[in-house]
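Asker: If you want the numbering used here, it's the 1-based position in the sequence shown plus 5.
The beta carbon of each residue, even a glycine, is placed where N, CA and C say it ideally should be.
What follows is a structure written as structure tokens; I'll ask about it next.
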Amino acid sequence: MRFVLLIWMILPALHAAAQQRYLFVGTYTARGSEGIYVYRFDPATGALAQVSAAGGIENPSFLALAPGGKHLYAVEENDPGHVAAFRFDEAAGTLVRIGRQPAEGVWPCHLAVDAGGRWCIAGNYGSGSLAVLPILPDGSLGPAVQTIRHSGSGPNAERQEGPHVHSVNFSPDGRQIFVADLGTDELRVYQFDAASGRLTPGDPPAVRTAPGGGPRHFAFHPGGSFAYAVLELTSQVAAFRYENGTLSPIQTERMLPAGFSGPNTCADLHVSPDGRFLYGSNRGHNSIAVFAIHPRTGRLTPKGHQPTLGSTPRNFAIDPTGRYLLAANQESGDIQVFRRNPRSGKLTPAGQSAKVSMPVCLLFR
Numbered sequence: 006m007r008f009v010l011l012i013w014m015i016l017p018a019l020h021a022a023a024q025q026r027y028l029f030v031g032t033y034t035a036r037g038s039e040g041i042y043v044y045r046f047d048p049a050t051g052a053l054a055q056v057s058a059a060g061g062i063e064n065p066s067f068l069a070l071a072p073g074g075k076h077l078y079a080v081e082e083n084d085p086g087h088v089a090a091f092r093f094d095e096a097a098g099t100l101v102r103i104g105r106q107p108a109e110g111v112w113p114c115h116l117a118v119d120a121g122g123r124w125c126i127a128g129n130y131g132s133g134s135l136a137v138l139p140i141l142p143d144g145s146l147g148p149a150v151q152t153i154r155h156s157g158s159g160p161n162a163e164r165q166e167g168p169h170v171h172s173v174n175f176s177p178d179g180r181q182i183f184v185a186d187l188g189t190d191e192l193r194v195y196q197f198d199a200a201s202g203r204l205t206p207g208d209p210p211a212v213r214t215a216p217g218g219g220p221r222h223f224a225f226h227p228g229g230s231f232a233y234a235v236l237e238l239t240s241q242v243a244a245f246r247y248e249n250g251t252l253s254p255i256q257t258e259r260m261l262p263a264g265f266s267g268p269n270t271c272a273d274l275h276v277s278p279d280g281r282f283l284y285g286s287n288r289g290h291n292s293i294a295v296f297a298i299h300p301r302t303g304r305l306t307p308k309g310h311q312p313t314l315g316s317t318p319r320n321f322a323i324d325p326t327g328r329y330l331l332a333a334n335q336e337s338g339d340i341q342v343f344r345r346n347p348r349s350g351k352l353t354p355a356g357q358s359a360k361v362s363m364p365v366c367l368l369f370r
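Given below as structure tokens:
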């Protein structure tokens, strides 16, 4: 009887330990960051514990995982830029570098890996280009098989003097790539050949967003019928219906509260795993904007803002359970943990945080 009671008492702890997840943190290395940090995240409390750090890499500002989570890819945001490949040792919680390849452009800032784990696509902000790199059997990368350079500009003379690819995103069925180009106010569309990795222009080849908006990050709804793009320069989010490979505009909503007139640029956005809420980050207002998503129309209804308890939330992540949102505050050098109410979408501080120099990408394994 005592043995049964003991097992009953320790089962919750064993379950919580089994559910602990790794969190990868990409950084800018200008202020002493070692590179890519590996944390263990406890979903019972929201606590973060550093496990390791992978050095020898400069400005790993965006990360992507291959299917299965055994290999991690990181941009090296420089001129010229590179993409580095790592093997992840799950038992030790460490990253082992296994090579790098040129990103075929300047200041790469985003990566996407296809569902088959055969191709890694890099988006280069500075040169307004994207490159398709093959993933080799050992998880390392081969030289790019294709490079595409955009052309054009936008009405914002300071930020849109030329094309600036800011994110590359696979469609839910993996047959298309949607590329957010901040410089040209476009979501470029490409057909993706999973056998060769080749990209060809879609039909239509692009979807225009609001002039001067500057589309940055892009996210599909888990149901597959809607998509959302954050407009960095005008602090807005654009909603689209996605059907038969085509985006149709639904609405554009402001990401700032009424009455706020200070400087601000938006950065990241994510849909909750249950598909009920959209979250977006404000740099300047230093908050996470919360929107409810209508299940049939995809329309957004503002639900408020949660301060990120730090400065310049460039990136954030929702944990796979949907119970927590973690915000990376670039300028204050910290990661703040928030609990997420699944019914209201509201965020509240979890009382957990971690100090990291210039964190700019959070990725759960």
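To the nearest angstrom, how far is the alpha carbon of Gly122 from that of Ser292?
Answerer: Working through the sequence shown from its first residue, we reach residue 122 at position 117. Working through the sequence shown from its first residue, we reach residue 292 at position 287. Near 34 Å, if we compare the C-alpha coordinates of Ser292 and Gly122.
Asker: For Ile15, which residues from the same chain have a beta carbon less than 7 Å from its beta carbon, with the 5 sequence-adjacent residues on both sides left out?
Answerer: Counted from its first residue, the sequence shown places residue 15 at position 10. With a pLDDT of only 43 at Ile15, under 50, the local geometry of the prediction cannot be trusted, and no value is derived from it.
Asker: Which ranges would you report for the beta strand (DSSP E) in the stretch 242-291 if only whole runs of at least 3 residues count?
Answerer: Complete beta strand (DSSP E) runs here, min 3: 251-259, 270-276 and 282-288.
Asker: Would the beta-carbon of Ala234 fall within 7 Å of that of Phe225?
Answerer: As a working note, residue 234 is residue 229 in the sequence shown. As a working note, residue 225 is residue 220 in the sequence shown. Cβ atoms of Ala234 and Phe225: not closer than 7 Å.
Asker: In the DSSP output, what is Gly128 paired with across the bridge?
Answerer: Within the sequence shown, numbered from 1, the residue matching residue 128 stands at position 123. DSSP output for Gly128 lists His115 and Leu135 as bridge partner(s).
Asker: Figure out for me which residue from Ala215, Ser201, Gly217 and Leu192 has the closest Cα to the Cα of Gly5.
Answerer: Any answer about residue 5 is impossible in this case: the structure gives the chain only from 6 up to 370.
Asker: Alpha carbon to alpha carbon, what distance is there between Pro65 and Gly280?
Answerer: Counting from one through the sequence shown, the residue named residue 280 turns up at place 275. Counting from one through the sequence shown, the residue named residue 65 turns up at place 60. Cα to Cα, Gly280 sits roughly 29 Å from Pro65.
Asker: So, are the CB atoms of Val295 and Gly350 less than 7 Å apart?
Answerer: Taking the sequence shown and counting its residues from 1, one reaches residue 295 at position 290. Taking the sequence shown and counting its residues from 1, one reaches residue 350 at position 345. Yes, these two residues count as a Cβ contact at 7 Å.
Asker: Identify every run of the beta strand (DSSP E) within the stretch 155-217, keeping only runs that are complete inside it and at least 3 residues long; order them along the chain.
Answerer: Qualifying beta strand (DSSP E) stretches, in chain order: 170-175, 181-186, 191-197 and 204-213.
Asker: Compute the Euclidean distance between the alpha carbons of Thr32 and Tyr329, then round it to the nearest angstrom.
Answerer: Counted from its first residue, the sequence shown places residue 32 at position 27. Counted from its first residue, the sequence shown places residue 329 at position 324. The straight-line gap from Cα to Cα measures roughly 21 Å.
Asker: So which of Leu204, Gly131 and Thr257 has the shortest CA-CA distance to Gln151?
Answerer: The residue you call residue 151 lines up with position 146 of the sequence shown. The shortest Cα separation from Gln151 among Leu204, Gly131 and Thr257 belongs to Leu204.
Asker: In terms of residues, what are the limits of the alpha helix (DSSP H) holding Gln24?
Answerer: Position 19 of the sequence shown, counting from 1, holds the residue named residue 24. Start and end: Arg7 to Gln24.
Asker: In its own chain, which residues sit with a C-beta less than 7 Å from the C-beta of Gly289, not counting the 5 before and 5 after it?
Answerer: Taking the sequence shown and counting its residues from 1, the one referred to as residue 289 is at position 284. For Gly289, where only same-chain residues beyond five positions count, the Cβ hits under 7 Å are Gly267, Pro268, Asn269 and Thr270.
Asker: Using 7 Å as the limit for Cβ to Cβ distance, is Pro142 near chain D?
Answerer: This model lacks chain D altogether, as it is built from one protein chain only.
Asker: Would you mind stating whether Leu261 and Gly219 have Cβ atoms separated by less than 7 Å?
Answerer: Position 256 of the sequence shown holds residue 261. Position 214 of the sequence shown holds residue 219. It is not a contact, given that the beta carbons lie outside the stated cut-off.
Asker: Compute the beta-carbon to beta-carbon distance between His310 and Leu274, rounded to the nearest angstrom, for a pair I have assumed lies under 8 Å.
Answerer: Indexing the sequence shown from 1 puts residue 310 at position 305. Indexing the sequence shown from 1 puts residue 274 at position 269. About 14 Å separates the two Cβ atoms, so there is no contact after all.
Asker: Excluding the 5 residues flanking Arg213 on each side, which residues of the same chain have their C-beta closer than 7 Å to its C-beta?
Answerer: Translated into positions along the sequence shown, residue 213 becomes position 208. Cβ neighbours of Arg213 beyond the five flanking positions: Asp190 and Glu191.
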